[in-house]
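Trainee: My questions will all concern the structure given below.
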Amino acid sequence: MSTDALETLTDAGIAATQADSFGPLAIDVPTESWVAAHEMLRDAVGLTFFDFLTASDELTDGFRVVSHLADFWGGAHVEHLLVRTLIPRDKPVLPTLSDLYAGANWHERETHEMFGITFADHPNLLPLLLPDGFEGNPLRKEFILASRVAKPWPGAKEPGESDHAPAHGAPSRRRTLPPGVPDPDTWGPRPPGSPDPDPLAPAQAAATPARPRRGGAERRTRKQAEAPPATEQPPAAEPES
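As structure tokens, then:
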């Protein structure tokens, strides 16, 4: 079945290629052949069952849209196939599959609101899961997780620190930012007229000043501890008059 699917598409003039996959066979097709490839797989190959459609944010490469098709031969034997295509980030538009597979309707609506991908000619491309008035596409990698900004974050344990608190109190924590929260210097209210941040730039963790340990003792690094003590140089002799 897997070989038949790829050969059927290429024999029909579709520039399909086999993609790396850890599970079912995955086939990459051009965006302009998205609908034609699915129609061929349904009618000529027999992949009549539509399981799901989703996407992934590939940053500079754009968005990768993936559909999962299947063919039930009866009993426990099932053939699976992933069909993938890559669409540009600056124009995330793809034709709808809802005319071929009715089950694609809701999956495309979810992908539309989560990634901001428009499925052209979709009969009802309205929000499916997010509340009214929600702004942004939460599965895009530049989307800020505002709930994590507002929620206190416990920080990270020091190397070698136990999960159990010592007798004198809770273990110390290094101040860190939650995953999905960028440096406050690059996110937040901006002065009027300032340029928008680059959504493809990776978020940088905010630098936090080092705090002295309890009792005021300064924390020394391993390099500082292993370095030989500095020898005091005698004062230079004054020139004779």
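Heads up: the sequence shown at position 232 corresponds to 275 in my numbering, and the numbers run straight through without jumps. Every residue, glycine too, gets a C-beta built ideally from N, C-alpha and C.
1) On the CB-based measure, 16 or more other CB atoms within 10 Å of its CB, does Pro174 come out buried or exposed?
2) Given a cut-off of 8 Å on the beta-carbon distance, is the pair Pro138 and Asp164 in contact?
3) Roughly how many angstroms separate the alpha carbons of Asp23 and Arg132, rounded to a whole number?
4) From Arg183, Ala48, Ala62, pick the residue whose C-alpha is nearest to that of Gly56; which is it?
5) From the DSSP output, read off the bridge partner residues of Leu96.
6) By Cβ distance below 8 Å, which residues in the same chain neighbour Phe158 in space, the five residues on each side in sequence not counted?
7) What does a CB cutoff of less than 8 Å around Ala59 pick up in its chain, not counting 5 residues either side in sequence?
8) Where Gln61 and Pro67 are concerned, what is the direct C-alpha to C-alpha distance, given to the nearest angstrom?
9) Buried or exposed, going by whether 16 or more other CB atoms sit within 10 Å of the CB of Asp63?
10) Quick check: the Cα distance between His120 and Ser110, rounded to an integer number of angstroms?
11) Rank Arg127, Val88, Thr128 by C-alpha distance to the C-alpha of Asp114 and give the top, closest one.
12) For Pro147, collect the residues of the same chain with a Cβ closer than 8 Å to its Cβ; drop the 5 residues on either side in sequence, then sort them by chain order.
13) Measuring alpha carbon to alpha carbon, tell me which residue in Gly176, Thr74, Ala145, Glu185 is nearest Pro166.
14) Assuming the contact rule is C-beta atoms closer than 8 Å, Leu143 and Glu82 should be a hit. Round their C-beta distance to whole Å, please.
15) So, with DSSP's three-state summary, where would you put Thr251?
16) Tell me, which residues are paired with Pro138 by DSSP?
17) Val78 lies in the beta strand (DSSP E); which residues open and close that run?
18) Please classify Phe65 as buried or exposed, where buried requires at least 16 other C-beta atoms within 10 Å of its C-beta.
19) Let me check one thing: in DSSP terms, what residues is Asp71 bridge-paired to?
20) Using 8 Å for Cβ pairs, my map puts Leu112 next to Leu129. What's the rounded Cβ distance?
Mentor: So, to answer that:
1) Here residue 174 corresponds to residue number 131 of the sequence shown, with the count starting at 1. So Pro174 counts as exposed.
2) The sequence position of residue 138 within the sequence shown is 95, counting from 1. The sequence position of residue 164 within the sequence shown is 121, counting from 1. Contact check for Pro138 against Asp164 passes: the beta carbons are separated by less than 8 Å.
3) Because the chain in this structure spans residues 44 to 284, residue 23 falls outside the shown range and cannot be described.
4) Position 13 of the sequence shown, counted from the first residue, corresponds to residue 56. The candidate whose alpha carbon is nearest that of Gly56 is Ala48.
5) Taking the first residue of the sequence shown as 1, we reach residue 96 at position 53. In DSSP, Leu96 forms a bridge with Ser110.
6) As a working note, residue 158 is residue 115 in the sequence shown. These residues qualify, in order along the chain: Ala98, Asp100, Phe106, Pro135, Asn180, Leu182, Arg183.
7) As a working mapping, residue 59 is identified with position 16 in the sequence shown. Closer than 8 Å at Cβ, skipping near neighbours: Leu49, Leu52, Thr53, Ile70, Asp71, Val72, Ser76, Ala80.
8) Position 18 of the sequence shown, counting from 1, holds the residue named residue 61. Position 24 of the sequence shown, counting from 1, holds the residue named residue 67. Cα to Cα, Gln61 sits roughly 11 Å from Pro67.
9) As a first step, residue 63 must be located in the sequence shown, where it is residue number 20. That one is exposed.
10) Looking up residue 120 in the sequence shown gives position 77. Looking up residue 110 in the sequence shown gives position 67. Going by the C-alpha atoms only, they are around 20 Å apart.
11) Reading the sequence shown from its first residue, position 71 is the one you call residue 114. Minimum Cα distance to Asp114 is reached at Val88.
12) For the purposes of this step, residue 147 is identified with residue 104 of the sequence shown, where counting begins at 1. Note on identity: in this sequence residue 147 is Ala, with Pro being the wrong assignment. Excluding positions up to five away in sequence, the list reads Phe93, Leu96, Ser110, Thr139, Leu140, Ser141.
13) Here residue 166 is taken as the residue at index 123 of the sequence shown, counted from 1. Comparing Cα-Cα distances from Pro166 to each of Gly176, Thr74, Ala145, Glu185, the minimum goes to Ala145.
14) The residue you call residue 143 lines up with position 100 of the sequence shown. The residue you call residue 82 lines up with position 39 of the sequence shown. Confirmed, about 6 Å.
15) Locating residue 251 in the sequence shown gives position 208, where the first residue counts as 1. Residue placement at Thr251 is flagged as unreliable, the pLDDT there being 48, under the threshold of 50; a coordinate-derived value is accordingly withheld.
16) The residue you call residue 138 lines up with position 95 of the sequence shown. Partner(s): Ala163.
17) What you label residue 78 is simply residue 35 of the sequence shown in a count that begins at 1. Where Val78 is concerned, there is no enclosing beta strand (DSSP E), although the alpha helix (DSSP H) it sits in stretches over 77-83.
18) Start at 1 with the first residue of the sequence shown, and residue 65 comes out as number 22. It is exposed - the Cβ of Phe65 has fewer than 16 other Cβ atoms within 10 Å.
19) Counted from its first residue, the sequence shown places residue 71 at position 28. The partner list for Asp71 (beta bridge, DSSP) reads Thr60, Arg127.
20) Here residue 112 corresponds to residue number 69 of the sequence shown, with the count starting at 1. Here residue 129 corresponds to residue number 86 of the sequence shown, with the count starting at 1. Actually they are not in contact, since the Cβ atoms of Leu112 and Leu129 sit about 18 Å apart, beyond 8 Å.
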